[in-house]
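Numbering (the numbering used here), first residue to last: -16 to 82. In this text, a Cβ means the ideal position worked out from N, Cα and C, and glycines have one as well. Predicted model, so just to flag it, every value in this text is computed and none were measured.
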Ligand SMILES: [Zn+2]
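1. Just grab the DSSP bridge partners of residue 26 for me.
2. Could you tell me the alpha carbon to alpha carbon distance between residue 58 and residue 1, rounded to whole angstroms?
3. Are residue 47 and residue 3 close, meaning C-beta to C-beta below 8 Å?
4. Could you tell me which residues DSSP pairs with residue 47 in its beta bridges?
5. Give me every residue whose Cβ sits closer than 6 Å to any heavy atom of ligand 1, in chain order.
6. For residue 36 and residue 13, what's the separation of their Cα atoms in angstroms?
7. Residue 21 and residue 40 - do their beta-carbons sit closer together than 8 Å?
8. Per DSSP, residue 8 forms a beta bridge with which residues?
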């Protein structure tokens, strides 16, 4: 699992920040990389997203591809982000409590 939400927050452009290639999505893991043709693709899970792999990532050129249609991707990211902020807030509350 990789916590890449923090990077997203920087520019607010998930596709740019996550190095997503285009808006094409692959429900099943592509057999080879659509960019470089490399035959080993990895799955990237995202903290807070409970739907299994979220992106496919090429082992060679590190291009990432959507698993879900853009609209669903946005929705899942938003949910994950909210969860992320909730967790941060919880941490802050912990810090503020006297021991
Ligand atoms: Zn590639």
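Quick answer:
1. 39
2. 16 Å
3. Against a cut-off of 8 Å, the Cβ pair of residue 3 and residue 47 comes out as a contact.
4. 3 and 40
5. Per the Cβ criterion, the list is 16, 18, 19, 21, 41, 43, 44 and 46.
6. 13 Å
7. Result no, Cβ atoms of residue 40 and residue 21 do not sit closer than 8 Å.
8. 49
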